[in-house]
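J.: Please read through the structure below; I'll follow up with questions.
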Amino acid sequence: MCGIVGFTGTRSAAPLLLEGLKRLEYRGYDSAGIAVMGNEGIRVEKVSGKVQKLCEKTGDGAAVPGSTGIGHTRWATHGAPTDTNAHPHLSNDGRYAVVHNGIIENYAALREELTAKGYTFLSETDTEVIVHLLEMYDSGDLKSTVLRAVARLEGSYALGVLCADQPDTLIAVREASPLILGVGVGENYFASDVTALVSYTKNAIYLDDGEFAVLTPAGITVYDCTGRQIEKPVTRVTWDVEAAEKGGYAHFMLKEIMEQPAAVRAAIAPRLRDGEVVLDEFDLDAETLRQFNKIVITACGSAYYAGCAAKYALEALTRIPVEPVLASELRYSDPLIDAHTLLIVISQSGETADTIAAMRECRARGAKALAIVNVVGSTIAKSADWTLYTWAGPEIAVATTKGYTTQLAVLFLLAMSVGRKLGRLDDALYPALLYDILRLPKLIQNAIDLNHGLGALAKKYHRASSLFFIGRNTDWASALEGALKMKEISYIHAESYAAGELKHGTIALIEEGTPVIAVCCNAALEDKTISNIVEVKARGARVLAVAFRGDRKIVAQANDCVFIPPIHTLFTPILAVIPMQLLAYYVAKENGCDIDKPKNLAKSVTVE
Ligand code: F6R
501 MCGIVGFTGT RSAAPLLLEG LKRLEYRGYD SAGIAVMGNE GIRVEKVSGK VQKLCEKTGD
561 GAAVPGSTGI GHTRWATHGA PTDTNAHPHL SNDGRYAVVH NGIIENYAAL REELTAKGYT
621 FLSETDTEVI VHLLEMYDSG DLKSTVLRAV ARLEGSYALG VLCADQPDTL IAVREASPLI
681 LGVGVGENYF ASDVTALVSY TKNAIYLDDG EFAVLTPAGI TVYDCTGRQI EKPVTRVTWD
741 VEAAEKGGYA HFMLKEIMEQ PAAVRAAIAP RLRDGEVVLD EFDLDAETLR QFNKIVITAC
801 GSAYYAGCAA KYALEALTRI PVEPVLASEL RYSDPLIDAH TLLIVISQSG ETADTIAAMR
861 ECRARGAKAL AIVNVVGSTI AKSADWTLYT WAGPEIAVAT TKGYTTQLAV LFLLAMSVGR
921 KLGRLDDALY PALLYDILRL PKLIQNAIDL NHGLGALAKK YHRASSLFFI GRNTDWASAL
981 EGALKMKEIS YIHAESYAAG ELKHGTIALI EEGTPVIAVC CNAALEDKTI SNIVEVKARG
1041 ARVLAVAFRG DRKIVAQAND CVFIPPIHTL FTPILAVIPM QLLAYYVAKE NGCDIDKPKN
1101 LAKSVTVE
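Put into structure tokens, the structure is as follows:
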């Protein structure tokens, strides 16, 4: 989705803005632009296409002199991805430039009003109303002009504003769209994503909704929506720029797959103390926990599938009914949710619009929300009742990998902690689960090591036009994520089915050579899944099984096998996904796909 950067200091702004925009490329975008305050006023350069094109157009920024500026990568919503629709937008008098993330919901009425007043619109975007509002409300005082203009806006917006009358000043405004300020020495920054800031500063201020900031090279002042100055804490970003670079890997996705042992270690290590799972951030006593008569999990995409996979552990260990619901469905479903519902909200980015809306809807009905989030300071993290961070570090590839496995790790810890507190987790089972949790980083490494050969295996599957992923129970949940990984990065149609459902319709699609990925990591149901393998093979399917190392029964049935190390059934999804991530990666590579930035997708889906 769209990305914003802003810089004010004494160095040349354009190269820094372009560098920042490159770091935001992973979010997905289709045009880019910068506006820099120069000797002759604000100069805007923008292109449809990649940031590299903008670099070429501007001689890597050298052609756009000036030390204060704003930049943007746009993911088109209102209007096609053209040069004209790209941000920044300029006011008719050329004195204001604006970059915007989010959606101005009342833009049509504003556009009509502004047109009637004689303002000329050049683009089809909702954003352009903002620059004309700034010009209309211009009072000579930038801060109050911005306040008056944003008071007219409805919707979500992170804004960066540049005004020719105050050449070294930037204004950053946040309402329901992330915006982070970077505190430097003699220079200051803002960005929609901390990845654009870390190579310049690790000192960040996270703006909250309704707040705005005035930045000059000398300092940053933050205000609330009434214009009253407020104090905000400066947070130290804990990861460095290498964490957001490829580090020798061909793709971020591969790097992030390989980082999973370390990421899961970071998620679990601080939460295991003296043989106990300790969740400091969600330390409810048994009496409070007993008030919850159901758990609803809400999320989108892979985060939802993490919820589907963790449902089994949560129900088995806490004996509380668990219902995973897609956030985009939950928000409009008039849900049966009240103060006795524990809502678990899962999101890597913490900014997914549907997930935020579902959380708001459920909290308004009295539910308490526990967020499981990766991005520190994100909207979901800040607005939940409790937040458990997954500590996965920056995830750059659009397709989530370590984001998903760290979510599972935290959900498993949660299931154990709540089960233990409620006295519903069997004393004999607890040590066995704890043993597996402690070994998770090693087991994940082992699952990666066992699948070195997947590059070669992918050659057998990459020409398929359609793949089916099947499994039962926990294996079905794993299959859901496996199929999503495959389709989003390789563009091959992939479907996941509960294996027992095949014969109720889908088996009609199986024909000679159809690849079927069968997840068989649930020992109690293995024979059942094997019977489904036999059924599809009888109709010509080529079966690739995902199974425990040493499982001879599967080797005898499947055409190909990939293995994971044995682990307790409830935790299998965290390992079963590893070969499927690698399979999707190598199939996509074989097909020459843009693995880190698949077409039509964005990393952080901040619009509905
Ligand atoms: C798939 C993927 C998406 C996200 C979904 C939710 O690989 O990354 O399906 O899982 O868009 O995003 P977050 O977790 O940021 O809320």
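First residue of the sequence shown? That's 501 in our numbering, and the numbers climb one at a time after it.
Built from N, CA and C at the ideal position, the CB exists for glycine as well.
#1: In terms of alpha-carbon separation, which member of Val1043, Leu950, Asp780 lies closest to Lys960?
#2: Determine the closest residue to Val646 out of Ala881, Tyr723, Tyr997, Glu829, with distance taken between C-alpha atoms.
#3: For Val694, is the beta carbon positioned less than 6 Å from some heavy atom of the ligand F6R?
#4: To which residues of the same chain is Arg831 closer than 6 Å at the C-beta, ignoring the five residues directly before and after it?
#5: Is Ser802 near the ligand F6R, judged by its Cβ being under 6 Å from some heavy atom?
#6: Out of Tyr596, Gly971, Asn592, Asp626, state which residue places its alpha-carbon closest to the alpha-carbon of Asn606.
#7: According to DSSP, what are the bridge partners of Gln729?
#8: Identify, in the order they occur along the chain, each residue of the same chain with its Cβ nearer than 7 Å to the Cβ of Ile603, setting aside the five sequence neighbours on each side.
#9: Comparing the CB of Thr701 with every heavy atom of the ligand F6R, is any distance shorter than 6 Å?
#10: Check whether the Cβ of Gln848 lies closer than 6 Å to any heavy atom of the ligand F6R, and answer yes or no.
#11: For the alpha helix (DSSP H) containing Cys1020, list its first residue and its last residue.
#12: Could you spell out where the beta strand (DSSP E) holding Arg765 opens and where it closes?
#13: Quick one: using the 10 Å Cβ neighbour count with 16 as the cut-off for buried, is Ser965 buried or exposed?
#14: Give the single residue among Ile837, Glu851, Ala909, Asp834 whose Cα lies nearest to the Cα of Leu940.
#15: If I follow the unbroken alpha helix (DSSP H) through His632, where does it start and stop?
#16: Sorted by chain position, which residues of the same chain lie with C-beta nearer than 7 Å to Lys985's C-beta, five sequence neighbours on each side aside?
#17: Looking at C-alpha atoms only, which residue of Ser990, Glu988, Ile1033 is the closest neighbour of Glu1000?
#18: Between which two residues does the alpha helix (DSSP H) carrying Val551 extend?
#19: First and last residue of the beta strand (DSSP E) that includes Leu647?
#20: Could you tell me the distance, in whole angstroms, from the CA atom of Ile705 to the CA atom of Pro733?
#21: Could you pull out every unbroken beta strand (DSSP E) segment of at least 3 residues lying fully inside the region 1059 to 1108, listed in chain order?
#22: As a quick exercise: from Asn973, Glu635, Glu545, Thr735, pick the residue whose alpha carbon is nearest that of Ala813.
#23: On a Cα-Cα basis, can you pick out the residue from Pro1098, Arg728, Leu517 that is closest to Leu599?
#24: Sort Ser644, Ala744, Ile768 by Cα distance to Gly727 and report the nearest one.
#25: Tell me the residue span of the beta strand (DSSP E) that contains Ser656.
#26: In or out: Lys987 buried (at least 16 other Cβ within 10 Å) or exposed?
#27: My understanding is that Leu1025 touches Tyr805, with C-beta atoms under 8 Å, so please give their C-beta distance in whole angstroms.
#28: Applying the 10 Å Cβ sphere with the 16-neighbour rule, what's the burial state of Leu622?
#29: Keeping to the same chain, check which residues put their C-beta closer than 7 Å to that of Asn1022; ignore five residues upstream and five downstream.
#30: Since Ala532 and Leu554 should fall inside the 8 Å C-beta cutoff, what is the C-beta to C-beta distance between them, to a whole number of angstroms?
#31: Taking the alpha carbon of Val650 as the reference point, which residue from Arg674, Ala869, Asp641 has its own alpha carbon closest?
#32: Can you name the residues that DSSP bridges to Glu776?
#33: Quick test of the definition: if touching needs 3 or more C-beta pairs under 8 Å, does the region 915 to 934 touch the region 1045 to 1056?
#34: For Thr508, which three-state DSSP category applies?
#35: Let me check understanding here. Comparing Cα to Cα, which of Leu817, Cys808, Gly801 lies closest to Ser828?
#36: Candidates Pro515, Ala769, Ala616, Tyr700: which alpha carbon is nearest Val685's?
T.: Reading from the atomic positions:
#1: Here residue 960 is taken as the residue at index 460 of the sequence shown, counted from 1. The residue with the shortest Cα to Cα distance from Lys960 is Val1043.
#2: By one-based count along the sequence shown, residue 646 stands at place 146. Nearest C-alpha to Val646: Tyr723.
#3: Looking up residue 694 in the sequence shown gives position 194. No, Cβ of Val694 sits at least 6 Å from all heavy atoms of the ligand F6R.
#4: On the sequence shown, position 331 is the one that residue 831 refers to. Taken in chain order, the residues that qualify are Ala857, Ala858, Glu861.
#5: Your numbering for residue 802 matches position 302 in the sequence shown. Flag set: Cβ of Ser802 near the ligand F6R.
#6: On the sequence shown, residue 606 is found 106 positions in, with the first residue counted as 1. Closest by alpha carbon: Asp626.
#7: Against the sequence shown, residue 729 aligns to sequence position 229. For Gln729, which the question treats as bridged, DSSP gives the partners Tyr723.
#8: Numbered from its first residue, the sequence shown carries residue 603 at position 103. Taken in chain order, the residues that qualify are Thr577, Asp626, Gly655, Ser656, Val1107.
#9: Taking the first residue of the sequence shown as position 1, residue 701 is located at position 201. Incorrect: Thr701 has no Cβ contact closer than 6 Å to the ligand F6R.
#10: Here residue 848 is taken as the residue at index 348 of the sequence shown, counted from 1. Flag set: Cβ of Gln848 near the ligand F6R.
#11: Translated into positions along the sequence shown, residue 1020 becomes position 520. Run containing Cys1020: none in the alpha helix (DSSP H); it sits in the beta strand (DSSP E), 1015 to 1020.
#12: Along the sequence shown, one-based indexing puts residue 765 at 265. Note, Arg765: premise wrong, no beta strand (DSSP E); alpha helix (DSSP H) at 760 to 768.
#13: On the sequence shown, position 465 is the one that residue 965 refers to. With fewer than 16 Cβ atoms within 10 Å of its Cβ, Ser965 is classed as exposed.
#14: Numbered from its first residue, the sequence shown carries residue 940 at position 440. Nearest option by C-alpha distance: Ala909.
#15: Residue numbering aside, residue 632 sits at position 132 when the sequence shown is read from its first letter. 628 to 636 is the extent of the alpha helix (DSSP H) around His632.
#16: Within the sequence shown, the letter at position 485 stands for residue 985. Excluding positions up to five away in sequence, the list reads Ala899, Met1080, Gln1081, Ala1084.
#17: Indexing the sequence shown from 1 puts residue 1000 at position 500. Note that residue 1000 corresponds to Gly in the displayed sequence, not to Glu. Considering only alpha carbons, the answer is Ile1033.
#18: Indexing the sequence shown from 1 puts residue 551 at position 51. First-last of the alpha helix (DSSP H) with Val551: 551 to 557.
#19: As a first step, residue 647 is located in the sequence shown; it is residue number 147 there, counting from the start. Segment 642 to 650 is the alpha helix (DSSP H) holding Leu647; no beta strand (DSSP E) there.
#20: The residue given as residue 705 occupies position 205 in the sequence shown. The residue given as residue 733 occupies position 233 in the sequence shown. Going by the C-alpha atoms only, they are around 6 Å apart.
#21: 1060 to 1064
#22: What you label residue 813 is simply residue 313 of the sequence shown in a count that begins at 1. Nearest C-alpha to Ala813: Asn973.
#23: Taking the sequence shown and counting its residues from 1, the one referred to as residue 599 is at position 99. Strictly speaking, residue 599 in this sequence is Val, with Leu absent from that position. Nearest C-alpha to Val599: Leu517.
#24: Residue numbering aside, residue 727 sits at position 227 when the sequence shown is read from its first letter. Among Ser644, Ala744, Ile768, the Cα nearest to that of Gly727 belongs to Ser644.
#25: As a position in the sequence shown, residue 656 is number 156, starting the count at 1. 655 to 663 is the extent of the beta strand (DSSP E) around Ser656.
#26: Indexing the sequence shown from 1 puts residue 987 at position 487. Counting Cβ neighbours within 10 Å, Lys987 comes out buried, since at least 16 surround it.
#27: In the sequence shown, counting from the first residue as 1, residue 1025 sits at position 525. In the sequence shown, counting from the first residue as 1, residue 805 sits at position 305. Their Cβ separation, rounded to whole angstroms, is 19 Å, which puts Leu1025 and Tyr805 out of contact at 8 Å.
#28: For the purposes of this step, residue 622 is identified with residue 122 of the sequence shown, where counting begins at 1. The residue in question, Leu622, is exposed, as its Cβ has fewer than 16 Cβ neighbours within 10 Å.
#29: Here residue 1022 refers to the residue found at position 522 when the sequence shown is read from its first residue. So the qualifying residues of the chain are Arg972, Asn973, Thr974, Asp975, Thr1069, Thr1072.
#30: Within the sequence shown, residue 532 is the residue found at index 32, counting from 1. Within the sequence shown, residue 554 is the residue found at index 54, counting from 1. Contact holds; Cβ gap of about 5 Å.
#31: Counting from one through the sequence shown, the residue named residue 650 turns up at place 150. Out of Arg674, Ala869, Asp641, Arg674 has the C-alpha closest to the C-alpha of Val650.
#32: Working through the sequence shown from its first residue, we reach residue 776 at position 276. DSSP lists Arg773 as partners of Glu776.
#33: no
#34: Locating residue 508 in the sequence shown gives position 8, where the first residue counts as 1. In this structure, Thr508 counts as strand in the three-state DSSP scheme.
#35: Taking the first residue of the sequence shown as 1, we reach residue 828 at position 328. For the residues Leu817, Cys808, Gly801, the minimum Cα distance to Ser828 belongs to Gly801.
#36: If you number the sequence shown from 1, residue 685 lands on position 185. The shortest Cα separation from Val685 among Pro515, Ala769, Ala616, Tyr700 belongs to Tyr700.
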